Structures are given as structure tokens and as C-alpha cells.
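The sequence shown maps to residues 1 to 196 in full-length UniProt numbering.
All residues carry an ideal CB built from backbone N, CA and C; glycine is no exception.
These numbers come from a predicted model, not from an experiment.
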Amino acid sequence: MATGLRERWRVKARRTIQERALDLFDERGFDAVTIEEIAAAAEVSPSSVYRYFGTKEGLIVADEFDTMSQEALEELLDVDDPVGSMIQIVRNYEAAPEGSEPIPWRRIRYFFKEPSVRTAFCASLDRAGQRIAPMMAGGRLTETQSRVAANALVFGYFSALEQWYLDGGTQPVAQYVEEGLEPLRPIWANHSSARA
1 MATGLRERWR VKARRTIQER ALDLFDERGF DAVTIEEIAA AAEVSPSSVY RYFGTKEGLI
61 VADEFDTMSQ EALEELLDVD DPVGSMIQIV RNYEAAPEGS EPIPWRRIRY FFKEPSVRTA
121 FCASLDRAGQ RIAPMMAGGR LTETQSRVAA NALVFGYFSA LEQWYLDGGT QPVAQYVEEG
181 LEPLRPIWAN HSSARA
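This is the structure we're talking about:
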């Protein structure tokens, strides 16, 4: 099987497993559903669910950024305007046609309803911050400042999602992300002007 075809199959399998899991969680509650039941609903083996996601919490928090190469991440995130990059990523998700890419917003409520999912998502954000921080080093940002700025970005995103959830999820998520991350823009505006 060609690598591209194998990757498309893997992405489709992961998406199907996540969708069936969310169906079950929505119907019966997060704690009441087992990995074995999710596997049966997705028509895969339990070992496939564990291989792709590790845990039930992983089923909720996992997305393509977890498996993205560092090179792909560097292409996606503009280090001179990471706030703008984050907003654009969210807008792209919101604008995706129905059925093309999985819209992650269905999962968001579990980040804030289920304590174990919140913990797993915070761990995922911590890993994202560790990957982003080295990209921001240089110019006027020291290593420490890069680490703090990267974590402000990813955990600021988390806080914007939480406010969206608390407000009932009726407005676009991008609106919350843009408003929430706006105070961070001067960090990179100063950094960009120092490079020029």
C-alpha cells in the first residue's frame, strides 16, 4: 500500500473511531463507555483504539497537531505572528465544509465537563508549548521568554475555548480566540521589529 493511501486510511480510521466514541459519550456519558464498546461501534479492534489514542481521554483530545512533524508545525505557525496563525487555524476549522475535516468543537465540552479529559488536554497543550518554544527563540526573546510566550499562547487558546464553552458556544470560536489572544500580540510585534 502506498504511503499516501496508508496515511489517508489511518486518518479516516482515527476520525471514525473518534466520531463513534463521541456518539457513545453523548448518548451514555463519558464514564459509562468502555474502549471495547467504542471499538465495536467503530468496527475496529480494541488494540487499534489503544494504538491510535492510548486512553479514552486521548480519544477526545487527539488531533492532527499531535502527529504533525516539527517541519509542518513550523510551516503552520508564523513565529512573527503566532497569534494570527492561531486565529487562522481556528477560522479554517470553522470554515471547513461539512464532512471534510472533523470539526473539533463537538469535543470541546468534554474538555471542561470531564476532569480527566481536562487534565489530558492540559498535558497536550504543555507538549505543544514545548514544541513551539524553540521556534520563538532568538531576536529579543530569550529561551525563558520563548517558553513563557509559547505557554501563554497555547494556554491562552485553552482559556478562550473555555470562555466560548461557558458562554454557551453560540458565537464563532475564532472570535473568542482573537479577543483572548489580543493582549499577547505586542510580544511578537516587539520581537518582529527587533529582527528588522
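Going by beta carbons, Y165 and M86 fall outside the 7 Å limit. Check the Cα spacing between L59 and each of S69, M68, R15 and E74: the tightest is with R15. Taken atom to atom, the span from the alpha-carbon of D31 to that of F25 is near 8 Å. With respect to the 7 Å criterion, R106 and L22 are classified as neighbours on the basis of their beta carbons. Contact between the region 140-157 and the region 119-131 is established, with three or more Cβ pairs separated by less than 8 Å.
Using a C-beta cut-off of 8 Å, the region 170-185 makes no contact with the region 61-69, since fewer than three inter-stretch Cβ pairs fall below that distance. The residue from Q18, G54 and T55 with its alpha-carbon nearest to that of A42 is Q18. W9 and P186 have their C-alpha atoms spaced approximately 42 Å apart. When C-alpha distances from S124 are compared across E64, V90 and E74, the shortest belongs to E64. In the DSSP assignment, E178 falls within the alpha helix (DSSP H) that extends over V173 to L181.
Just so you know, the alpha carbons of V61 and K113 end up roughly 13 Å apart.
Rounded to the nearest whole angstrom, the C-alpha separation of P46 and K56 is 11 Å.
The UniProt DNA-binding region "H-T-H motif" (34-53) is shown to contain whole alpha helix (DSSP H) runs of 4 or more residues at 35-42 and 46-53, in chain order.
If the five residues before and after S116 are omitted, its C-beta is found closer than 7 Å to the C-beta atoms of E57, all from its own chain and listed in chain order.
Excluding sequence positions up to five before and after R20, its CB lies within less than 7 Å of the CB of I38, A41 and A42, all in the same chain and listed in chain order. Residue state for A95 is assigned as helix, using DSSP reduced to three classes. The alpha-carbon separation between C122 and S159 amounts to approximately 11 Å. A Cβ-Cβ distance of about 17 Å is found for the pair L181 and M135, leaving them out of contact under the 8 Å criterion.
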